[in-house]
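Engineer: Below: one structure in structure tokens.
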Amino acid sequence: MEQNMIFTLLSMLCLHINIVASLKSSTNKYALLAFKSQITSDPNNILAKNWSQGTPICNWVGITCGSRHQRVRKLNLADMGVGGTIANEIGELSFLRSLIISNNNFLGFIPDEIGNLSQLREIEMQDNELNGPIPTSFGFLENLHKINLSHNRLYGEVPNRIFNLSFFMAIDLKNNSLSGSLPTNICNNLPNMERLRISCNRISGNIPPSLGTCRELQLLSLAYNNFSGSIPMEIRNLSKLQSLYLEGNNLIGLFKVVFIYINLPKHNVFQKIVKLKNIVNHSHHRYFIHS
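Using mature numbering (1 follows the signal peptide of the UniProt record, and there is no 0), the letters of the sequence shown correspond one by one to residues -22 to -1, 1 to 269.
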């Protein structure tokens, strides 16, 4: 009797798990079909032919599923030439880790609902025609390692909360129309940051001295913005820095004293590092090549 009861309970539990998994899978399919419905340009008919109701979503082009629960883990439509807006339903792909739609013709706003994807590790939306602000909800993606929104038409201020995501290794926001200033504590919570690109925007204010606490930083590009003031001495603490771009700003002052202590690779040089007003010429210094 007791064994029969245990068997019945286990059977009911398995049935419940299967029902839940099926519902979750249906939610994934619904979200992807909603995403497809917003595609207005598919010149090679990639999605039109492949993303169909009668085919399991894990077999769809650009989709990678987890082996255990068959949930969508990766959406990769890079370089497919598709265009349209990004459907809000994308925020229902709750197991998604990689969202890659780079080098396409997506336009319109980036949905706030992407901020619901708590497992997201990377976002690559570069080389599209996206506009509007960066969603503040991105600041809640605590597992995010990499974000690339470069070469779009984004505007507004960069949400400060983004710079509190401690797993971040790379941020690339170059070639947009972003404004505002960088937070004074920009690197206080970025122990793993290796690459920071925000060049060719409209960022203003001073370069934060706290950049010197991003000890893993290898590339720092702040070129062609509206930064003013002097280069903070703290940047000399970036012993792993290999590439630095600061030209095209309104920076002033001396820089030899700032960088002389940086341990650069033996054969490394910085090209077009700075164009400063009222600067003392240190062109003889072996670390610099001036344009």
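We put the beta carbon where it would ideally sit given N, CA and C, even for glycine.
Computed from a predicted structure; not experimentally measured.
Contact defined as beta carbons within less than 8 Å: I believe residue 113 pairs with residue 93. What is the distance between those atoms, to the nearest angstrom?
Structural biologist: That belief holds up - the Cβ atoms of residue 113 and residue 93 are roughly 6 Å apart, short of 8 Å.
Engineer: Leaving out the 5 sequence neighbours to the left and right, which residues in its chain are closer than 7 Å to residue 241 when beta-carbon positions are compared?
Structural biologist: With a pLDDT of 46 at residue 241, under the threshold of 50, the predicted position of this residue should be treated as unreliable, though the coordinate-derived value follows. 217, listed in sequence order.
Engineer: Mind listing, in chain order, the continuous beta strand (DSSP E) runs of no fewer than 3 residues lying wholly within the region 43 to 77?
Structural biologist: Fully enclosed beta strand (DSSP E) runs of 3 or longer: 50 to 54.
Engineer: Would you say the region 133 to 142 touches the region 83 to 98, given that touching needs at least three Cβ pairs under 8 Å?
Structural biologist: Counting Cβ pairs under 8 Å, fewer than three are found: no touch.
Engineer: Between the Cα of residue 123 and the Cα atoms of 169, 180, 163, 83, which residue gives the shortest distance?
Structural biologist: If we check each option's Cα against that of residue 123, 169 comes out closest.
Engineer: Use the C-beta contact count for residue 8: other C-beta atoms within 10 angstroms, 16 or more gives buried, fewer gives exposed.
Structural biologist: Residue 8 comes out exposed.
Engineer: Can you grab the Cα-Cα spacing for the pair residue 127 / residue 47, in whole Å?
Structural biologist: Going from the Cα of residue 127 to the Cα of residue 47 covers about 30 Å.
Engineer: Is residue 172 helix, strand or coil by DSSP?
Structural biologist: In the structure shown, residue 172 sits in coil (DSSP, three-state: anything other than H, G, I, E or B).
Engineer: Could you pull the start and end residues of the alpha helix (DSSP H) that residue 24 belongs to?
Structural biologist: 24 to 28 is the span of the alpha helix (DSSP H), which, as asked, contains residue 24.
Engineer: Could you name the residues that DSSP lists as bridge partners for residue 150?
Structural biologist: Answer is 126, 175.
Engineer: Taking the continuous beta strand (DSSP E) assigned at residue 131, which residues delimit it?
Structural biologist: Its beta strand (DSSP E) spans residues 131 to 135.
Engineer: Could you spell out where the beta strand (DSSP E) holding residue 100 opens and where it closes?
Structural biologist: Start and end: 100 to 102.
Engineer: Rounded to whole angstroms, what's the CA-CA distance from residue 42 to residue 54? Just pull it up for me.
Structural biologist: Near 8 Å, if we compare the C-alpha coordinates of residue 54 and residue 42.
Engineer: If distances are taken between C-alpha atoms only, which option among 173, 202, 213, 178 comes closest to residue 196?
Structural biologist: When each option's Cα is compared against that of residue 196, the closest is 173.
Engineer: Use the C-beta contact count for residue 150: other C-beta atoms within 10 angstroms, 16 or more gives buried, fewer gives exposed.
Structural biologist: Its Cβ being crowded by 16 or more others within 10 Å, residue 150 is buried.
Engineer: Does the beta-carbon of residue 152 have 16 or more other beta-carbons within 10 angstroms, so that it is buried, or is it exposed?
Structural biologist: That one is buried.
Engineer: Please say whether residue 141 and residue 164 have beta carbons closer to each other than 8 Å?
Structural biologist: Against a cut-off of 8 Å, the Cβ pair of residue 141 and residue 164 comes out as a contact.
Engineer: Would you say residue 61 and residue 83 are within 8 Å of each other, going by their C-beta atoms?
Structural biologist: Yes, the Cβ-Cβ distance between residue 61 and residue 83 is below 8 Å.
Engineer: Taking residue 24 as the reference, which of 181, 56, 6 has the closest Cα?
Structural biologist: It is 56.
Engineer: Count the other CB atoms within 10 Å of the CB of residue 155; is the residue buried (16 or more) or exposed (fewer)?
Structural biologist: That one is exposed.
Engineer: Taking residue 119 as the reference, which of 199, 14, 101 has the closest Cα?
Structural biologist: Residue 119 has its Cα closest to that of 101, out of 199, 14, 101.
Engineer: Looking at residue 50: is its Cβ nearer than 8 Å to the Cβ of residue 13?
Structural biologist: No, the Cβ-Cβ distance between residue 50 and residue 13 is not below 8 Å.
Engineer: Among 223, 117, 175, 78, which residue has its Cα nearest to the Cα of residue 106?
Structural biologist: It is 78 whose Cα lies nearest to the Cα of residue 106.
Engineer: Looking only at its own chain, which residues have a Cβ that is under 7 Å from the Cβ of residue 191, when we skip the five neighbours before and after it?
Structural biologist: Correct list, in chain order: 165, 166.
Engineer: What do you get for residue 201, buried or exposed, if any count of 16 or more other CB atoms within 10 angstroms of its CB means buried?
Structural biologist: It is buried - the Cβ of residue 201 has at least 16 other Cβ atoms within 10 Å.
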